[in-house]
Every structure is written in C-alpha cells, then in structure tokens.
Amino acid sequence: MKIATFNINGIKARSIALPDWLDAAQPDVVLLQEIKSVDDGFPRALFEDRGYNVETHGQKGFNGVAILSKLPLEDVTRGLPGDDSDEQARWIEATVIGKSALRICGLYLPNGNPVPGPKYDYKLAWMDRLHARAQDLLAQEEPALMAGDYNIIPQPEDAARPDAWKDDALYRPQSRAAYRRILNLGFTDAFRARVQGPEHYSFWDYQAGAWNRNDGIRIDHFLLTPQAADLLQDAHIDAAIRGYEKPSDHVPVCISLDL
DNA sequence: ATGCCTCCCCGAGGGAGA
70 MKIATFNING IKARSIALPD WLDAAQPDVV LLQEIKSVDD GFPRALFEDR
120 GYNVETHGQK GFNGVAILSK LPLEDVTRGL PGDDSDEQAR WIEATVIGKS
170 ALRICGLYLP NGNPVPGPKY DYKLAWMDRL HARAQDLLAQ EEPALMAGDY
220 NIIPQPEDAA RPDAWKDDAL YRPQSRAAYR RILNLGFTDA FRARVQGPEH
270 YSFWDYQAGA WNRNDGIRID HFLLTPQAAD LLQDAHIDAA IRGYEKPSDH
320 VPVCISLDL
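Be aware that the first sequence starts at 70, since it is given in this note's numbering, and climbs by one per residue.
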C-alpha cells in the first residue's frame with residue numbers, strides 16, 4: 070500500500086498539478102493539507118473519477134485537510150481532541166481497510182511564527198494535544214500513522230541553511246523538543262528509517278529561487294507506530310514535481326507498507 | 001530578509017504562509 074502526504078497550498082490552485090501527480094505516482098492513499106477550501110467547495114469529482122474515496126475537513130480560506138483513498142475508509146473523525154474551542158481545520162483520521170486495518174491521521178501542525186506570541190503558544194499547545202492523541206494511538210498496539218505538514222525541522226541536516234532558521238518557530242529548541250517528546254513515545258520517522266544524510270527536503274520557499282538553489286527544509290513527516298513500522302517497505306520524497314508548472318511550495322512524501 | 005512569492009479572501013490590498 071502506497072501512502073503519501075502532500076501540502077498542496079490550495080486545492081483550487083493545484084487543480085492541474087495534483088491530478089497530474091496522482092496519475093503518475095498512483096498512490097493508494099493521500100493525506101492532503103492546506104486545501105484552503107470549505108467541504109462543499111472541494112472538487113470531489115476530480116478524485117472520485119480516478120477511483121478515490123474523498124473525506125474532507127475544510128474551512129474558509131485557510132488550513133483544511135483531506136484524505137483520498139482507493140481503499141474503503143471507515144470511522145472518519147475530524148478535529149484534534151483536547152480543545153473544543155479550536156475551530157482550525159488541521160486534523161482528520163480514518164481507518165483504511167486493506168488486507169488488514171490501518172488507522173491514519175492527517176495533520177497540518179500550526180506554523181507558530183512569530184516567536185514569541187500567541188501563534189507560537191497555539192503551536193505548542195496543539196503539540197501537547199498531539200502528544201496525548203499519540204499516546205492513545207500507541208496504546209492500541211496496532212498499525213497506525215500520523216502524517217502531514219508538521220512545520221518542524223527535526224535536525225540541522227533537515228535544512229540547507231539551519232542557521233537561517235535558528236529563531237524560527239519551525240526550528241526553535243522548544244519546538245524541536247516538543248516534536249521529540251512525541252517521537253520518543255515510540256514512533257518511527259519513516260523517511261529517516263530508510264534514507265539518511267543531508268539534502269532531503271520537502272519544502273522550498275517560492276522566494277529568492279529557493280528551489281533552484283536547493284535551499285529547502287524537511288518538515289513533512291510520517292510517524293509510524295511500532296506495528297506500522299514493522300510493515301515499512303519504502304520511503305521517499307517526490308522532489309521533482311517542485312520544478313513542474315505551477316507547483317505547491319511543498320512536495321509529496323511517500324511510503325509503502327506491506328498491507 | 002520586519003519577506004525578494006503565492007495563496008486565499010474577493011474584485012483592492014491585506015492576512016498568512018515558513
């Protein structure tokens with residue numbers, strides 16, 4: 070089973086590039102972030118015509134997450150537990166029914182800039198809630214994953230110019246510690262389990278020719294429970310499409326599970 | 001880089017992104 074996560078930076082702006090990538094890459098399941106659309110505005114037919122089931126959790130203008138799946142989806146839930154007053158659409162879960170069941174969580178973790186400030190406080194509070202959900206997932210002792218745009222640069226090797234990010238919400242020690250606290254519960258970073266070394270990125274700024282200079286950062290991640298990590302066959306980043314026509318500033322990260 | 005693009009809101013120019 071091939072699963073991808075892709076921050077598309079607006080479904081309307083990606084109505085060509087996203088279907089083109091789906092047709093070429095043929096993923097079974099895709100977790101989308103930043104659809105920037107309400108549920109009713111999401112072009113479901115574009116994906117249903119390609120054999121995908123579509124589940125969205127959108128809001129007007131910002132954020133928004135979705136799941137595309139060629140396999141049946143069950144028990145879909147929307148919103149990260151832990152704060153009923155949180156109206157931002159950043160979390161969706163479902164169970165994919167393949168040879169056996171896999172719980173998948175798609176997330177768009179808050180950016181958090183500027184630091185300090187209320188947006189950074191929101192990021193850290195959101196990560197506390199993510200930690201709690203992560204603990205519950207692990208307690209199930211079943212194949213499950215949390216994937217999406219974490220807005221976290223885990224290590225210096227995950228940025229072309231780590232010094233440029235030292236005061237940024239994506240790289241502050243407190244941000245990275247909050248991410249490690251989740252990882253250290255027992256999750257596997259699927260990409261780093263398969264690929265080591267620098268110069269593997271999932272985001273390049275639109276500005277200042279970042280793509281052409283390979284001035285990127287790796288901030289889109291797959292975290293696997295031990296039972297899911299046992300099934301891991303492959304992980305890679307589809308970097309090339311960053312250079313295609315009208316790209317997102319992120320590219321897809323893909324894994325294959327023996328499911 | 002207190003932001004060089006791009007996206008959204010809409011129908012001008014501001015908020016947000018990372």
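Heads up, the beta-carbon is just placed ideally off N, CA and C, and yes, glycines get one too.
Taking a cut-off of 8 Å for Cβ pairs, the stretch 288-296 and the stretch 91-99 do not touch, as fewer than three such pairs fall below it.
Between the stretch 236-247 and the stretch 119-126 there are fewer than three C-beta pairs closer than 8 Å, too few to call the two in contact. According to the DSSP assignment, residue 204 belongs to the alpha helix (DSSP H) that extends over 187-208.
Rounded to whole angstroms, the separation of the alpha carbons of residue 232 and residue 324 is 30 Å. Under the 10 Å beta carbon count, residue 287 is surrounded by 16 or more other beta carbons and is classified as buried.
Non-local C-beta neighbours of residue 275 in its own chain, meaning closer than 6 Å and more than five positions away in sequence, comprise 318, ordered along the chain.
Between the stretch 240-258 and the stretch 182-195 there are three or more C-beta pairs closer than 8 Å, enough to call the two in contact. Rounded to whole angstroms, the gap between the alpha carbons of residue 262 and residue 215 is 15 Å. Sixteen is the threshold: when 16 or more other Cβ atoms of the shown chains lie within 10 Å of the Cβ of residue 270, as they do, the residue is buried.
Taking residue 198 as the centre and dropping the five residues before and after it, the same chain places the C-beta of 149 and 151 closer than 6 Å to its C-beta, in chain order.
A residue is called buried when at least 16 other Cβ atoms come within 10 angstroms of its Cβ; residue 264 does not meet this threshold and is exposed.
In the DSSP assignment, residue 238 falls outside any alpha helix (DSSP H) and carries neither an H nor an E. When the Cα atoms are used, residue 303 and residue 103 turn out to be separated by approximately 25 Å.
DSSP places residue 143 in the strand class (E or B) of the three-state scheme.
Rounded to the nearest angstrom, the Cβ distance from residue 134 to residue 159 is 6 Å, consistent with a contact under 8 Å.
Cβ-Cβ separation between residue 111 and residue 80: approximately 6 Å, consistent with a contact (criterion under 8 Å).
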